[in-house]
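>
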Amino acid sequence: MSSDYNPPQDPLKVLHLDDALIVVDKPAGLLSVPGRGEHLADCLMARLQAAHPEALLVHRLDRDTSGVMVFARTPEVQRHLGLQFERRHTKKSYVARVWGHVTEKSGTVDLPLIVDWPNRPLQKVDHENGRSAVTDWKIMRVEGETTRLRLTPHTGRSHQLRVHMKELGYPILGDPFYATGPALDAPRLMLHSERLRLRHPDGGEPVTFASKCPF
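For the sequence shown, the positions run 125 to 339 when our numbering is used.
1) Hey, how far is the Cα of A257 from the Cα of S190?
2) Which two residues bound the contiguous alpha helix (DSSP H) that contains R364?
3) Look at the Cβ atom of L320, then the Cβ atom of T214, and state whether they are nearer than 8 Å.
4) Among residues of its own chain, excluding the 5 on either side of H278, which ones have a beta-carbon nearer than 8 Å to its beta-carbon?
5) May I ask you to report which of helix, strand or coil DSSP gives K216?
6) Which first and last residues belong to the beta strand (DSSP E) in which H140 is found?
7) Rounded to whole angstroms, what is the Cα-Cα separation between L285 and V219?
8) Would you kindly check if the distance between the Cβ of K262 and the Cβ of K216 is under 8 Å?
9) Excluding the 5 residues preceding and the 5 following P132 in the sequence, name in chain order all residues of the same chain whose CB lies nearer than 7 Å to its CB.
10) Suppose you measure from the CA of D128 to the CA of C167; what does that come to, to the nearest Å?
11) Quick check on L207: buried or exposed, where buried means 16 or more other Cβ atoms within 10 Å of its Cβ?
12) Can G280 be considered in contact with the ligand COA, in the sense that its beta carbon sits closer than 7 Å to one or more heavy atoms?
13) By how many angstroms is the C-alpha of F301 removed from the C-alpha of S126?
14) Cα separation between E269 and P306?
15) If distances are taken between C-alpha atoms only, which option among H324, A165, A170 and A303 comes closest to M314?
16) Under 8 Å: do the segment 141-149 and the segment 175-193 share three or more Cβ pairs, one atom per stretch?
17) Smallest Cα separation from S317: which of E329, F339 and G159?
18) Quick one: is W241 buried, meaning 16 or more other Cβ sit within 10 Å of its Cβ, or exposed?
Here it is as structure tokens:
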């Protein structure tokens, strides 16, 4: 990531706040956590902690992905939520616009991923050494030369949705890492964390948080 980092200055949008959780709507273009160097210090974590100093990280979204992120308000809640993510007890769904007309109505991508070390932070498929990565997808609608999909990851690998869509032959619009040609012609990465379902740390009741897709 170069020094041209220029994150949006949208006001912090809190979707839910209680004694255990803070759920926010991350804008595209803003880092989840600080990067290396002072010029990458501005991030969602820093902005949230300016208002809620006790906020603790649970998971991340890529800089160019928008949508639902949950933070913990105590170390105990952080551990509780961390285990839910680790054990795949959470359910996440994303909206993506991809280049091309997807021909099937739905499907699953099951391709193991590993970091592409010479080109990091890029990831790549590696059937021998990669870690399991599974994504369900379903068509929402066709829009011109593109298709809107709902993506449901069963694992949480770095760049998983982006690589899986590229491997399927339908790269996500505006993806600076994995898209080429006309698929790059978009104002942003067309990937949005639309919905997150988890068990509330206080009592274990299932709760769902949602953010309207901005594209």
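C-beta atoms are modelled at their ideal positions from N, C-alpha and C, and glycine is treated no differently.
Reading it off the structure:
1) 21 Å
2) An answer regarding residue 364 cannot be provided, because it is not within the stretch 125 to 339 covered by the chain.
3) yes
4) R212, V258, T259 and D260
5) strand
6) V138 to L141
7) 10 Å
8) no
9) P151, G153 and L154
10) 14 Å
11) exposed
12) This structure does not include the ligand COA; it has no bound ligands of any sort.
13) Low per-residue confidence applies at S126: pLDDT is 45, beneath 50, and the placement is therefore not dependable enough to give any value.
14) 10 Å
15) A303
16) yes
17) F339
18) exposed
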